[in-house]
Structures are given as C-alpha cells and as structure tokens.
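The structure appears right after this line, and notes come after that.
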Amino acid sequence: MNSSKKHELAERTLILSLLEGSLFSVLPYQITPRNTLIAGFWLIALAIGLLVGRKSAPSADFTDETTIPNSPESAHASLSLDSPFYVAEARKVGRREITGGSISTANEEAIHQTMIELSDVLNVGNRIERTRQMIAFIDRIDNSEIADIVQNFREAGWVDYNRSEFSMLISAWMDRDPFTAISFLDQNETDGWTRKTAISAWAADSPEEAANAIRGLEDSGEVNDWVVGLIEGMARNDPDGALLALKDIEDSNTKNQAIREILPEVVIRGAEFAGKWIEKIRDPKLQRDTAKRLASSLARRDPESASDWIRNMTTVATRRDASEVVSEIYAQQDLDGAKLWAESLPQDTMTEAAEGVAKYLARKDPVEAAIWLRSLGNDPDLDGARFRFLQETGQQEPQTALENVSTLSRPKDQERYYRDILKRWHKTDQTAAIAWATENSEFLPEKVLKGIFPKPKKKKK
Numbered sequence: 358m359n360s361s362k363k364h365e366l367a368e369r370t371l372i373l374s375l376l377e378g379s380l381f382s383v384l385p386y387q388i389t390p391r392n393t394l395i396a397g398f399w400l401i402a403l404a405i406g407l408l409v410g411r412k413s414a415p416s417a418d419f420t421d422e423t424t425i426p427n428s429p430e431s432a433h434a435s436l437s438l439d440s441p442f443y444v445a446e447a448r449k450v451g452r453r454e455i456t457g458g459s460i461s462t463a464n465e466e467a468i469h470q471t472m473i474e475l476s477d478v479l480n481v482g483n484r485i486e487r488t489r490q491m492i493a494f495i496d497r498i499d500n501s502e503i504a505d506i507v508q509n510f511r512e513a514g515w516v517d518y519n520r521s522e523f524s525m526l527i528s529a530w531m532d533r534d535p536f537t538a539i540s541f542l543d544q545n546e547t548d549g550w551t552r553k554t555a556i557s558a559w560a561a562d563s564p565e566e567a568a569n570a571i572r573g574l575e576d577s578g579e580v581n582d583w584v585v586g587l588i589e590g591m592a593r594n595d596p597d598g599a600l601l602a603l604k605d606i607e608d609s610n611t612k613n614q615a616i617r618e619i620l621p622e623v624v625i626r627g628a629e630f631a632g633k634w635i636e637k638i639r640d641p642k643l644q645r646d647t648a649k650r651l652a653s654s655l656a657r658r659d660p661e662s663a664s665d666w667i668r669n670m671t672t673v674a675t676r677r678d679a680s681e682v683v684s685e686i687y688a689q690q691d692l693d694g695a696k697l698w699a700e701s702l703p704q705d706t707m708t709e710a711a712e713g714v715a716k717y718l719a720r721k722d723p724v725e726a727a728i729w730l731r732s733l734g735n736d737p738d739l740d741g742a743r744f745r746f747l748q749e750t751g752q753q754e755p756q757t758a759l760e761n762v763s764t765l766s767r768p769k770d771q772e773r774y775y776r777d778i779l780k781r782w783h784k785t786d787q788t789a790a791i792a793w794a795t796e797n798s799e800f801l802p803e804k805v806l807k808g809i810f811p812k813p814k815k816k817k818k
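In terms of this note's numbering, the sequence shown opens at residue 358 and continues consecutively.
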C-alpha cells in the first residue's frame, strides 16, 4: 500500500474508531478473538456460488438533460451503467474470474499462524495503537494470503466487534488487487456491508474502473450493495456524478439507499450546493423524500443557511415538505428567527413551516403558540400546524387546547379533537372536564357531550 493510501486509510479508520463504542472491551474473556480463533478456526467454509439478485435496468427518473460529448457532463454520463462508453470500457478492462473454491496458495499452518498474529492485534486495548498495529500487519501480509484471512476473519466471528479493522483489511485488498477481491467477494461473501465497503474504497479514487468491474454483478439482498458502495465511493469526490450514475437504475430500493449514501457529501458542501443538487432529481416523490433528509442535516449544521435553501427552492411540493423539517430545528435554536422566517415565506410554504414552529412553541408556551397561530390567518392549510399545537397542548394544558379547537377548518376534525382532549382530561380531572363542557355546551357537538357527561341512572322498577 503506498504511503498516501496508508495515511488516508489510517485517518478514516481513526475517525470511525473514535465514533464507535469500545464493544470488545466489555465482552467476557471467553470470546476474545484468540479464543474464538482456537474454537472455530477449522470450521468448514460455506459452499461457493454466484448470488442471485436483481439486475439494473434502464429508467429516466433522475434527469432529462442530454449530454454533450467532451463536456464535463459527458464524463458523468460515461459512468451510467448502460452507456455505450461504459460497455466498451468494460470489455477492455475485463474482470478476473475465480471459480472452483479457495484462491489461497498459502498452506493451512501458515494461515493459522497469521490469524494468531491478527488476533493479538485485535486484542490491543488502545484503539489508536490497535489501528497502528493493524496497518503494520496489513503491510506484512502477502496478497495471496488476504482471501483466506478475510474468510477466517468472518468465520471466527470477529467482524461484528472489529468492523474498523475488517474495513481496513478489505480496503487494502482493493488497493492491491481489486479484481481478485471483487471476484472473491462476489462468490464467497454474502454480507452486503463488506461488498459495499470494498467497492466504495476503490470507487473513491477510480470510479470508472470500479463501475466497470462490478458491471453485471447481482445481489440477493434487498438492495444491490455493489451499486450502493459504488455510489458511496464516487460521492466522496463527485456528488453530482454519483447522482447522474444512478439515473439508469430501476430498482427503487437500491436507488433510495444509494442516494442516502450521497447525502453526507452534499451536506458538507453547504446549502447552496445542496439547492442545485436536489433540483437534478427529476422524480417528484424521490426529490421530496431526499429533500426532507437533507433538510434535517443542513438545519442542524446551520439553520439560517438551511432556511435560505428552502426559500430558493423552485419546486413547491419539495419546498413545503422540507420547510417543516427545517422550521422545527430552527425554532429549537432560534425561536424568534424561526417565527420571522416562517412568516416571510410564500403562503404555500408558510403554512407548512408553521408546523415545526408551532410544535416547538406549544411545548414552551402554549398560550403564545395559540396567539401566534391565530395571527397567521384562517387558511385551511394551517390545519397541519393547528394539529401539532393541539397534540402538544392537549395533555399538559387541556383548557388552552380546547379553546383553540374551533380554529380547525373542518367540523369533523373539531369533533374529534374535542372528544379526545375532553376524554383524556376527564380521566385526570373529572370535575374540571365536566365543568368546562357544561360551560361550553352550546357549541360542543352532541356526541362529545354524551361522551363526557355522566349517564343518568335507570330507575328501579
């Protein structure tokens, strides 16, 4: 592994290590890597076979733009899994196939000793030191040993407790001999996370080669993790290209999961980039769902920038859905700013943004929340915000909630909230609930009154 690759791998692994809990340190001694190795090293390997899954098929959900040859866009288009360029390059590059069992040339005793050495590395308590020793271990092993090390790593049951180290091993294999690694994982490894980790490591630096190498590979899981990993790796350097490469994927589960892998790279580039990126998703529902996920991350990072992102959106439905998410997070950090922002939005979006503000404000000050909601007008589309208000205040401040049920635009909704809030109040304070219902009986629906007042006792014959 060259020096720059080694340092990049170490940096990524250290970050992952610091974020993870030290699960291994709390496990009983009996299931340490060394003991697991001794107990399970000679397990028979699983039968090797090609996995059956779904293939990618042409679709046009993402973009209707045409690409101009020799332009930056054409470079992105070349990554489309069914483009003529892609097919031609795949034929040039080819893919080394592995058939008929293990690819290892090392004898069992040598591998056994190597795994003992690895178990010692995995038992190092200090995570930073363990990372250093893992890099040194990887540098010492021969390419011909890696397949057996990977297989025994999993059979020993270490992966769940040492994912960072396993990821380093897979990434190193992809760096040294990616075609052999991919063929082995395709035939022997059913875990989607491993496949995704492997191809992602290569796609970050060589997206076209990685795309060519997995062409036609299938996956029996809910998503094609080869594709998801490819997109995740591409997104590190080119979120636009990663999105464009997905345009020919028909499988919605794979597409949705792959887009989620792109989002962290979009968020880190800021709200302005996110605004341009989201518009490139042509499928309306997918765009709205993605915008809501983006909205949460962007708002937690910088709510003011996220609010500007909302304001500049051109697609009304997407703007509405994302505004509610941003408004609640914005309100938690700057309530006055969130209120002013919501009020300044177009009417078709203000009514949605009001939901997040109303929900947070109702928890803090139900009376102020009621006054603010009334100040926004009588638009029936504000019912969503009124629902949020009533749901938050109905238990803590039932009287305040009941006094505002009449602001709902539909009588059917009014009856439901009168009934539900009074019924709940009746259980905690029967006298107060009956007193309020009696005082306001003139405008309460008859069904609500029947449900709250005591039933008259039947006279005995």
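From the three backbone atoms N, C-alpha and C, an ideal C-beta is built for every residue, glycine too.
Subject >> K553, buried or exposed, once every other Cβ within 10 Å from all chains shown has been counted against 16 >> reply: buried
**OP:** Throw me the rounded Cβ distance for the P723 and Y687 pair, which I believe falls under 8 Å.
**Re:** About 20 Å separates the two Cβ atoms, so there is no contact after all.
Original post:
Who are the near neighbours of I468 in its chain, counting only those whose CB is closer than 8 Å to its CB and skipping five residues on each side?
Top reply: S461, E502, D505, I506 and N509
Subject >> Segment contact flag, the region 487 to 502 with the region 519 to 534, C-beta cutoff 8 Å, min 3 pairs >> reply: yes
Original post:
Taking just the CA atoms, how far does D548 sit from Q387?
Top reply: Reliability of the predicted coordinates at Q387 is poor, the pLDDT of 38 falling under 50, and no value is obtained from them.
**OP:** Leaving out five residues on either side along the sequence, give the residues of the same chain with a beta carbon under 7 Å from the beta carbon of I588.
**Re:** A599, A602, L603, A615, E618 and I619
Subject >> Completely contained alpha helix (DSSP H) runs for the region 527 to 587, where each covers 4 or more residues >> reply: 535 to 545, 549 to 560 and 564 to 571
Original post:
What residue does the alpha helix (DSSP H) around W666 start on, and which one ends it?
Top reply: P660 to R668
Original post:
Three-state secondary structure (DSSP) at G632?
Top reply: helix
Subject >> Assigned secondary structure, V481 (DSSP; H/G/I helix, E/B strand, else coil) >> reply: coil
Original post:
For K721, which of E622, E754 and R743 has the nearest alpha-carbon?
Top reply: E754
**OP:** For my contact list, R626 and T675 are in at a C-beta cut-off of 8 Å; report their separation, rounded to the angstrom.
**Re:** Going by Cβ atoms, the distance from R626 to T675 rounds to 19 Å, so no, they are not a contact pair.
Original post:
At which residues does the alpha helix (DSSP H) containing R743 begin and terminate?
Top reply: D740 to Q753
Original post:
Less than 8 Å separating the beta-carbons of E709 and L718?
Top reply: no
Original post:
Is A652 buried or exposed, if buried means 16 or more other CB atoms sit within 10 Å of its CB?
Top reply: buried
Original post:
Taking N669 as the reference, which of E685, K633 and R657 has the closest Cα?
Top reply: K633
Original post:
Exposed or buried, F746, counting other C-beta atoms within 10 Å across all chains shown (16 or more means buried)?
Top reply: buried
Subject >> A679 vs A715 beta-carbon contact at 8 Å >> reply: no
Original post:
Under a three-way DSSP split, which group does G514 fall into?
Top reply: coil
Subject >> C-beta atoms of W729 and K696 nearer than 8 Å >> reply: yes
**OP:** Figure out for me which residue from A560, H783 and W583 has the closest Cα to the Cα of P596.
**Re:** A560
**OP:** With S732 as the anchor, note down where its alpha helix (DSSP H) starts and where it stops.
**Re:** P723 to S732
Subject >> Three-way DSSP call (helix, strand, coil) for R650 in this model >> reply: helix
Original post:
First and last residue of the alpha helix (DSSP H) that includes E772?
Top reply: P768 to T785
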